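Below is one structure, written out as structure tokens; comments come after it.
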Amino acid sequence: MPRASQSIHGIWASRLTFILAATGSAVGLGNIWKFPYIAGENGGGAFVLVYLFCILLVGVPIMMAEVLLGRRGRQSPVNSMIELAREAGASKAWGLLGWIGVISGFLILSYYSVIAGWALEYVLRVGDGTFVGAKSEFAGTLFNELTGNPVRLAFWHTVFMCMTMFVVARGVNRGLEAAVRILMPALFVLLLILVGYAVSSGAFMEGFKFLFSMRAESLSANSLVVALGHAFFTLSLGMGAIMIYGAYMPKTSSIGATVCAVAFLDTLVALVAGLAIFPIVFANGLEAAAGPGLMFVTLPLAFGNMPLGRFFGVLFFVLVSFAAWSSSISLIEPAVAWMVERFGVSRVKVAIGLGFLTWLLGLGTVFSFNIWKSVQVFGLTFFDALDFLTANIMLPLGGVAIALFVGWKMREADVHGELSLESPRVYALWRFLVRFLSPAAVLFIFTLTLYRYFTQ
Ligand code: TRP
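Read in order, the letters of the sequence shown are residues 17 to 472 in my numbering.
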């Protein structure tokens, strides 16, 4: 059967558009909100090192594999997997991989939207001057007031879900491109301005050391899983988001170079965000392990006390909201594309239906910060449990399945042709990583964690 050179959902205008879209998906709350807070909770340096290793040795090779599957399949992850399994003479059950991805994306979006809602609220709070001259206790109190208020959280969660489904209903390649082309660089410049503030405000070196000096003793088995899970989360890997974006990628682009560019940009943004946040933590005697509130307590302090802070602050939270927006779209796109293919209904209808379900589940996260605070699942709140299950378990497992399929099931000639890497050495290295090292690393970290869990 001749291969489709284009998906029914459209195609990116150029290779650059794919880089922009994939970067838009990868760079989001994971980089600016989550990375600093989990680095803080897991003691900094050693954790960051493990995370960087995971990106390089597990994330990048698997990301190449995932893009490859999408571009060859040219459909939603579910149907691409079924088709590619047929082509490889493998079991139809590989379609399940697409399914698990659809479910992971849905679960992640449900809480992602709630956190993105916080950023929307902070646009207003920073803009109305609430933080001018503020002290750290005040920033903490204000954050607790917000998360303690289910109605406010639900309101912003609703706004953000509507924004997401609006773009998805229109089809991802309209609108997204312009947003990413202008807003991502703007966000980056603003982060640099914040680092500049951090340098001038005193505790820069302390923050730097926290992030980059090795203190292996702070690294528990749990930190390993969190670092690994975050490598998948931050690269949008293991659930079909990158696969569906790959499905819209022109045949002529080089997968290897493109993926490296995206992973590099993504890592850079996370590290710069860390360098902006931790100096402020130390200069103000805040808690590095403050958890999900970290960004929302530290950065408003910086904006409240720097020249033009209100202006920069509003701009910053607007840009973070945009970064979250361009990520959230990719979380639901695999499910939407599948429903459009399967039932032939319009994107608009699918978007409304799926958006509503995601919104409903998101209320669980909203309440987990206030009225359900004491409800525990495996000793975690609903939000923490959902985050742990998706990021640290489902994404790595999805990623391993992708690696195994590409490494062991597909015909090598097909894989080789699709990747068309120029250097045979690089190809051999990639193949080794995908077949052996990435799956082994994930299994090793999982086994170690289970072992520690049961022997503690
Ligand atoms: N990578 C995004 C972030 O860091 C979140 C995200 C978007 C994602 N699409 C995804 C995470 C798919 C996992 C899977 O904020």
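Heads up, the beta-carbon is just placed ideally off N, CA and C, and yes, glycines get one too.
The structure displayed is predicted, hence computed values, not measured ones.
Specify, as a first and last residue, the run of the alpha helix (DSSP H) that residue i falls within.
i: C178; result: 166-186
i: S337; result: 325-359
i: R447; result: 440-448
i: L310; result: 310-321
i: G301; result: Note, G301: premise wrong, no alpha helix (DSSP H); not H, not E.
i: F224; result: 220-228
i: D400; result: 398-403
i: L435; result: 428-435
i: Y264; result: Here Y264 belongs to no alpha helix (DSSP H), and DSSP marks it neither H nor E.
i: I48; result: That residue, I48, is in no alpha helix (DSSP H); it is neither H nor E in DSSP.
i: M365; result: Checking the sequence shown, residue 365 turns out to be Lys, not Met. From DSSP, the alpha helix (DSSP H) with K365 extends over 363-384.
i: S107; result: Unbroken run through S107: none, as it is neither H nor E.
i: H246; result: 237-250
i: E233; result: No alpha helix (DSSP H) holds E233; DSSP gives it neither H nor E.
i: T146; result: It is not in any alpha helix (DSSP H) - T146 carries neither H nor E in the DSSP assignment.
i: R468; result: 454-471
i: G75; result: Counting along the chain, G75 falls outside any alpha helix (DSSP H), and DSSP gives it neither H nor E.
i: R451; result: That residue, R451, is in no alpha helix (DSSP H); it is neither H nor E in DSSP.
i: G61; result: 61-69
i: L162; result: 152-163
Taking 7 angstroms as the cut-off, does the CB of residue i come closer than this to any heavy atom belonging to ligand 1?
i: I124; result: yes
i: N47; result: yes
i: F249; result: yes
i: A42; result: yes
i: S92; result: no
i: L347; result: yes
i: A257; result: yes
i: L411; result: yes
i: L315; result: no
i: S252; result: yes
i: S343; result: yes
i: G121; result: yes
Measure how close the beta-carbons of residue i and residue j come, nearest whole angstrom, since I'm counting them as under 8 angstroms.
i: G309; j: F159; result: 5 angstroms
i: V422; j: L84; result: 6 angstroms
i: F452; j: S269; result: Actually they are not in contact, since the Cβ atoms of F452 and S269 sit about 27 angstroms apart, beyond 8 angstroms.
i: V458; j: A81; result: Actually they do not touch by this definition, with Cβ atoms about 13 angstroms apart.
i: L347; j: Y127; result: About 11 angstroms separates the two Cβ atoms, so there is no contact after all.
i: V242; j: N408; result: 6 angstroms
i: N58; j: S234; result: 7 angstroms
i: A263; j: R90; result: 5 angstroms
i: A340; j: L45; result: 5 angstroms
i: W354; j: V183; result: Their Cβ separation, rounded to whole angstroms, is 18 angstroms, which puts W354 and V183 out of contact at 8 angstroms.
Pairs of beta-carbons, one from the segment 229-247 and one from the segment 66-75, closer than 8 angstroms: are there three or more?
yes
Is the segment 144-163 touching the segment 433-445, taking contact as three or more C-beta pairs under 8 angstroms?
no
Kindly confirm or deny that the segment 325-336 and the segment 128-146 touch, where touching means at least three C-beta pairs closer than 8 angstroms.
Because the criterion of three Cβ pairs below 8 angstroms is met, the segment 325-336 and the segment 128-146 touch.
Check whether the segment 38-52 and the segment 364-375 touch, using three or more Cβ-Cβ pairs below 8 angstroms as the test.
no
Between the segment 374-384 and the segment 234-241, are three or more C-beta pairs nearer than 8 angstroms?
Put simply, the segment 374-384 does not touch the segment 234-241. Fewer than three CB pairs are less than 8 angstroms apart.
When you compare the segment 160-171 with the segment 380-389, are there three or more beta-carbon pairs, one atom per stretch, that lie closer than 8 angstroms?
yes
Kindly confirm or deny that the segment 312-323 and the segment 114-130 touch, where touching means at least three C-beta pairs closer than 8 angstroms.
no
Would you check if the segment 47-64 and the segment 213-222 touch, i.e. whether three or more CB-CB distances between them fall below 8 angstroms?
no
Assess contact between the segment 106-117 and the segment 413-429, defined as three or more Cβ pairs (one per stretch) separated by less than 8 angstroms. Is contact present?
yes
Below 8 angstroms, can you find three or more Cβ-Cβ pairs linking the segment 168-177 to the segment 251-266?
no
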